[in-house]
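Respectively, the protein sequence lines represent chains A and B. If you count the first sequence from 1, you need to add 5 to reach my numbering. If you count the second sequence from 1, you need to add 5 to reach my numbering. Glycine residues also receive a C-beta, built at the ideal position from the N, C-alpha and C atoms. The model shown is predicted, which means the values in this text are computed figures rather than measured ones. Everything on this sheet refers to the single structure shown next.
There are 2 protein chains.
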Amino acid sequence: MDGKYHLMQTNSSVFLGDKFYNREHLNFILFDVLKAERVTAYEYFSDHDKETVQLYLDATDQFAKEYLFPHVVEMDRVQPELVDGRIRVHRAHKDIMRISGENGWISILASKEVNGMQMPSVFSTAASFILGAANYSGCVFPGLTMGAAHLIETFADKKYHAIYLPKMFAGEWQGTMALTEPNAGSSLSDIVSSAEKQAYGTYKIVGQKIFISCGDSDAVENVVHLLLARIKGAPTGTKGISMFIVPRERINENGALEYNDVTSIGVYHKMGYKGAPIAHLSFGENNDCKAWLVGEENKGLTYMFQMMNEARISVGLHATSIASAAYYASLKYANERLQGRPITEKNPELPQVPIITHADVKRMLLFQKTFIDGALCLELQCSYFADMERVTEGDEKEKYNLLLELLTPVAKSYPAEMSNFSTSTALQIFGGYGFTKDFIAEQYYRETRIHAIHEGTTAIHGLDLLGRKVMMKNGKAVMYLTQEVMQAIAKAKQHENSKEQAENLEKQLAKLQELSMHLMQVAQQKGVEAYLSDATLYLELFGILVLAWQWIKMANTCNENESMDKHFKESKFLCFNYFFEYELPKVQGMFTRLKSTNHITVGIDSSLID
Amino acid sequence: MDGKYHLMQTNSSVFLGDKFYNREHLNFILFDVLKAERVTAYEYFSDHDKETVQLYLDATDQFAKEYLFPHVVEMDRVQPELVDGRIRVHRAHKDIMRISGENGWISILASKEVNGMQMPSVFSTAASFILGAANYSGCVFPGLTMGAAHLIETFADKKYHAIYLPKMFAGEWQGTMALTEPNAGSSLSDIVSSAEKQAYGTYKIVGQKIFISCGDSDAVENVVHLLLARIKGAPTGTKGISMFIVPRERINENGALEYNDVTSIGVYHKMGYKGAPIAHLSFGENNDCKAWLVGEENKGLTYMFQMMNEARISVGLHATSIASAAYYASLKYANERLQGRPITEKNPELPQVPIITHADVKRMLLFQKTFIDGALCLELQCSYFADMERVTEGDEKEKYNLLLELLTPVAKSYPAEMSNFSTSTALQIFGGYGFTKDFIAEQYYRETRIHAIHEGTTAIHGLDLLGRKVMMKNGKAVMYLTQEVMQAIAKAKQHENSKEQAENLEKQLAKLQELSMHLMQVAQQKGVEAYLSDATLYLELFGILVLAWQWIKMANTCNENESMDKHFKESKFLCFNYFFEYELPKVQGMFTRLKSTNHITVGIDSSLID
């Protein structure tokens with residue numbers, strides 16, 4: 006140990022973890038807790054089974070270790086730059102796209118009709134977790150392309166499938182979602198990019214888009230933007246927004262690519278997540294930007310929500326991925342770094358001990374692990390619901406749809422916010438070294454901070470949850486979720502090692518119902534602004550309860566599997582106990598605040614905040 | 006507004022706040038809440054009065070605006086580098102040291118005997134707050150020199166005063182505290198740097214020190230290290246550590262400076278706080294590093310604690326400073342940035358509104374402001390206690406000493422941890438822009454992260470608070486603090502607008518007492534490791550209660566001053582209410598956890614954390 010770390014800076018290497026995720030735990034959630042292979046019993050997913058899924062995850066693991074993780078520091082240090090009108094990115098992105106294409110990973114979710122693999126999304130989400138943990142910046146190119154292709158497949162006329170999908174699936178063309186504008190960030194209804202209909206059915210686009218992830222790069226031959234714009238004469242607000250396919254290079258009469266008047270104005274320099282190019286784009290500067298309508302006019306936002314909902318799960322997932330990588334780096338350090346002695350040991354002549362010996366370091370590690378495992382379980386649960394929604398019909402389909410709708414803002418935002426604390430805790434374990442560039446922790450802390458912002462800020466998701474989702478169909482979504490949670494609670498009550506915790510969660514659920522009644526009264530008596538004023542806090546509270554449910558499910562699985570490895574089981578129950586001892590109590594203060602009738606942020610003069 | 010922000014990146018300017026602190030509020034705390042000018046009634050501080058203090062703060066304000074704030078971004082972008090064995094720093098540091106020297110700011114706390122100004126520390130703390138808010142990296146050179154000079158003045162033989170103090174006070178020589186070693190970070194008892202006594206009473210030093218702030222630079226002529234080392238044959242552990250003056254350049258027989266064998270091995274590259282050089286130093290590589298003993302042998306750690314205690318207040322203070330600067334940047338943006346419409350307004354044709362209109366943005370601003378004003382009040386309160394300790398005698402002196410000892414870990418750590426959330430909240434208000442380098446928020450988020458680490462991690466201070474301070478002299482410190490808080494509560498109960506909050510805090514104090522009884526039982530029944538296992542959480546809980554006390558005091562001041570500006574008073578009560586509605590309830594979950602008897606981090610096999 007002696008002198009091992011403090012000399013790091015001179016050899017230009019950075020302290021990384023031994024691993025960035027735990028495959029055993031991922032398998033536990035997929036196959037033991039969720040029993041996700043059940044979806045392959047349905048016709049649509051019947052090409053797959055547990056074995057082929059394992060092979061897919063093995064291949065993903067290998068790819069992550071060989072192509073993504075080795076570049077994680079480098080992508081942070083050498084960020085994308087705009088050079089002669091094109092954004093230059095790390096050379097690995099090209100390989101990543103090519104290999105993702107060659108292996109069929111970009112088309113993995115697509116239907117067989119378009120030569121996809123029809124993989125259940127719960128497994129591609131698991132794969133995406135691995136990639137994001139290896140190198141978040143490195144995994145966004147194929148991920149976004151997958152999402153954009155899915156939009157084209159689902160909503161665009163079939164004549165466009167042949168033009169775009171094969172190139173995108175092959176990793177040769179990149180896909181993006183181009184929504185945000187300088188004056189339309191959270192407020193999408195204020196989009197002003199315009200589309201004018203031309204002869205032959207195409208449109209001409211004029212406008213600017215900002216914060217476009219992978220919006221331009223030299224890693225791919227072409228970029229296909231799924232862009233929102235307003236057709237001239239369309240209604241104002243969200244009802245007048247249409248979706249277009251806008252390639253950077255269009256195909257001319259000769260079948261060759263020609264410039265489609267899409268200009269990269271700039272690339273953002275960011276605090277973290279530096280490996281991915283986030284572009285500021287201008288469309289139609291020379292009045293020659295052609296676009297092709299997706300689906301019907303003025304329905305663009307509805308279509309985009311499909312991609313946004315997938316992207317939101319992906320954001321929560323990758324917040325968890327980054328936290329996972331940070332956790333394993335800090336765990337390695339905690340096991341190696343010698344500092345201090347057991348607290349009852351006063352003899353300074355005894356050797357120092359690994360810092361994992363200290364209770365507070367254990368607490369910091371358990372905080373991270375409990376969050377990461379719980380959040381991963383939630384993300385995979387959501388993807389499982391998405392798969393079930395696809396393959397079921399009628400009431401059952403509705404149930405899965407509603408569960409997914411309700412959980413999406415939680416699955417996006419709770420991990421996004423918690424990942425900030427989790428990576429911060431990892432950094433703290435390194436002490437002074439954690440603040441230096443010689444150790445990876447500070448990079449993860451910087452990278453993950455984007456997740457509470459992109460794909461809708463946490464506040465936006467709070468409004469979505471409290472303002473829409475919990476009231477949807479007279480609270481039917483909440484009813485379905487409560488049923489799910491109560492089923493898990495009923496099981497947990499049958500075991501001594503989970504009974505008390507299950508009863509505790511049951512009590513909190515009752516308090517949540519009381520809170521809902523209270524908030525309804527607030528809405529009636531004080532109006533919607535007061536009702537929604539602490540929606541962010543409500544989201545956090547809801548998130549903690551949803552995580553408690555994941556831990557109850559995991560405890561149930563352990564209790565039901567008598568053959569499970571004892572050490573593995575003990576390690577799970579340690580986290581289970583941690584969650585109920587340290588995390589769940591946090592809801593108490595939140596309930597107190599949310600049940601207060603003193604809405605101090607409503608109706609006050611802004612000038613009092615000075 | 007249109008196009009204003011998104012083009013920032015092309016003109017190389019960065020969005021900053023209009024201001025970085027609020028002088029009116031600083032004055033309110035100093036002169037209305039604390040009535041700190043009372044200390045000038047004592048002989049020792051009698052050269053000063055409210056008017057001269059105001060002039061000093063005016064000059065500080067001007068200096069901060071002219072020399073520090075203009076370089077805040079640049080110091081982040083062009084970090085110190087080791088070039089030919091010397092650390093090259095931003096050119097402004099030299100001016101900052103020179104001007105600080107010329108104006109007598111480095112000697113402001115020193116006694117008249119050594120040509121100091123004998124300023125009460127409460128006012129120099131206020132000045133330091135201003136400087137840290139303007140540019141944290143920019144203010145550490147004079148701050149550390151002040152602390153090191155204070156050690157020499159207090160503990161070193163007078164013959165050393167004339168050699169070092171005039172040069173340090175003039176800003177020509179830099180001072181440092183050189184404690185940390187590669188294998189002795191949190192565990193100071195493991196220091197191995199050695200000192201060997203020479204003829205003529207000097208010592209020869211051999212060893213390495215890491216993380217030495219301002220440990221080397223080209224901004225000053227010389228660096229004077231207050232270094233801890235072990236004299237050959239000294240006892241092991243903390244009882245064998247001595248303090249030495251070790252200049253980088255020593256004065257030879259001819260009165261000229263000659264190299265004293267202090268080598269800069271490296272400069273740390275850090276996540277933030279980049280403007281300040283943090284050095285890795287080697288002493289005595291050529292066996293020619295001379296040192297002069299401070300005070301008596303083996304008493305070094307006791308002496309160092311004087312500087313460390315001052316430095317700890319300074320860390321909490323500067324965490325608050327950085328949060329203040331981030332707050333004002335986000336406040337400016339919230340007032341200017343147009344996005345969305347009032348939540349009840351559905352008409353998309355109406356113009357967008359400033360985001361400060363939205364309840365959640367108000368909440369995010371109030372969270373920051375309430376923390377910053379409360380924490381600033383705490384830091385100044387501590388400095389006031391330090392001044393009172395200096396000028397009083399007997400029981401009174403003991404009281405102030407104990408209050409300061411008890412509050413120091415809280416004043417260090419609570420703001421350090423909260424500043425992470427506060428700057429994160431500032432960043433969040435900027436949305437996507439907050440993650441970019443075009444806006445200052447991300448820099449503050451990176452910079453402040455050091456504060457929960459340096460001068461003792463939060464965990465160390467938790468142990469200090471629960472393991473030492475609350476038990477000190479049979480709990481006498483806690484008794485004094487409780488008296489202070491109860492006095493404030495009694496006053497607040499007399500006013501309708503603070504009665505309920507005061508009663509609430511009173512209840513929490515009673516719960517804290519119950520908790521103490523519980524923890525004593527834990528100590529007896531389960532031992533000291535269990536007792537201290539959640540000391541970090543105890544510290545956080547204690548911090549919230551201490552902040553509540555600051556807000557009670559501020560409310561009392563408002564209620565007692567009938568002539569106070571109505572708008573100012575309303576704005577204070579808004580924060581007061583915010584604190585009791587949103588922050589104080591957080592203790593509920595902490596009490597629940599801390600009163601649990603399930604000590605899950607104690608006595609478990611580390612391998613279960615995997």
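Beta-carbon of residue i versus every beta-carbon of chain B: anything under 7 Å?
i	result
Ser192/A	yes
Arg235/A	no
Ser133/A	no
Tyr332/A	no
Arg598/A	yes
Val607/A	yes
Leu579/A	yes
Glu401/A	no
His11/A	Note that His11/A scores a pLDDT of 35, beneath 50, so its modelled location is shaky; the value from the coordinates is reported in the next line. True, the Cβ-Cβ gap to chain B drops below 7 Å.
Ile196/A	no
Gly137/A	no
Please list, in chain order, the chain B residues whose beta carbon lies closer than 9 Å to that of residue i.
i	result
His459/A	Gly437 and Phe440
Find the residues of chain A that neighbour residue i, judging by a C-beta separation of less than 7 Å, and give them in chain order.
i	result
Gly345/B	Ser191 and Ser192
Thr307/B	The contacting residues do not exist; Thr307/B stays about 17 Å from chain A at best.
Glu575/B	Leu613
Among the options, which has the Cα closest to the Cα of residue i?
i	options	result
Leu546/B	Asn509/A, Lys591/A and Glu565/A	Lys591/A
Leu385/B	Glu79/B, Ala330/B, Val44/B and Met309/B	Val44/B
Asn140/B	Ile246/B, Glu48/B, Tyr61/B and Ala328/B	Ala328/B
Ile445/A	Leu486/A, Ile215/A, Ala431/A and His500/A	Ala431/A
Val607/B	Glu534/B, Phe584/B, Ala553/B and Phe573/B	Glu534/B
Gly472/A	Ala495/A, Glu452/A and Ser521/A	Ser521/A
Ala324/B	Gly190/B, Thr307/B and Gly277/B	Gly277/B
Val77/A	Ala331/A, Ala46/A and Met248/A	Ala331/A
His572/A	His166/B, Asp615/B and His459/B	Asp615/B
Verify the CB distance criterion: does residue i have a CB-CB separation below 7 Å to chain A?
i	result
Ser601/B	yes
Asn582/B	yes
Phe216/B	yes
Arg82/B	no
Glu354/B	yes
Lys531/B	no
Leu370/B	yes
Pro85/B	no
Tyr1/B	This structure cannot speak to residue 1/B, because chain B is shown only from 6 to 615.
Lys591/B	yes
Gly594/B	yes
Residues of chain B with a CB under 7 Å from the CB of residue i: which are they?
i	result
Ala464/A	Asp365
Ser429/A	Asn425
Lys374/A	Ile614
So which residues of chain B does residue i contact, with C-beta pairs closer than 8 Å?
i	result
Ile361/A	Ser611 and Ile614
His616/A	There is no way to answer for residue 616/A, as the model of chain A reaches only from 6 to 615.
Return yes when the C-beta of residue i is under 6 Å from any heavy atom of the ligand FMN, and no when it is not.
i	result
Lys481/A	The model on display carries no ligand, and the ligand FMN is accordingly not part of it.
Residues of chain A with a CB under 8 Å from the CB of residue i: which are they?
i	result
Ser538/B	Ala364, Asp365 and Arg368
Is it true that the stretch 204–214 of chain A meets the stretch 136–152 of chain A, where meeting means three or more beta-carbon pairs spaced less than 8 Å apart?
no
For the stretch 462–469 of chain B against the stretch 416–423 of chain B, do three or more pairs of beta-carbon atoms, one drawn from each stretch, fall closer than 8 Å, so that the two count as touching?
yes
Stretch pair the stretch 92–107 of chain B + the stretch 152–165 of chain B: three plus CB contacts closer than 8 Å:
Counting C-beta pairs with one atom in each stretch, the stretch 92–107 of chain B and the stretch 152–165 of chain B have fewer than three that are closer than 8 Å, which means they do not touch.
Three or more beta-carbon pairs under 8 Å between the stretch 110–123 of chain B and the stretch 252–259 of chain B, yes or no?
no
Touching or not, the stretch 398–411 of chain A and the stretch 465–484 of chain A, by the rule of three or more beta carbon pairs under 8 Å?
In this structure the stretch 398–411 of chain A touches the stretch 465–484 of chain A; the number of beta carbon pairs closer than 8 Å is three or more.
Is there contact here, the stretch 547–563 of chain B with the stretch 348–361 of chain B, by at least three beta-carbon pairs under 8 Å?
Output reads no: the stretch 348–361 of chain B does not touch the stretch 547–563 of chain B.
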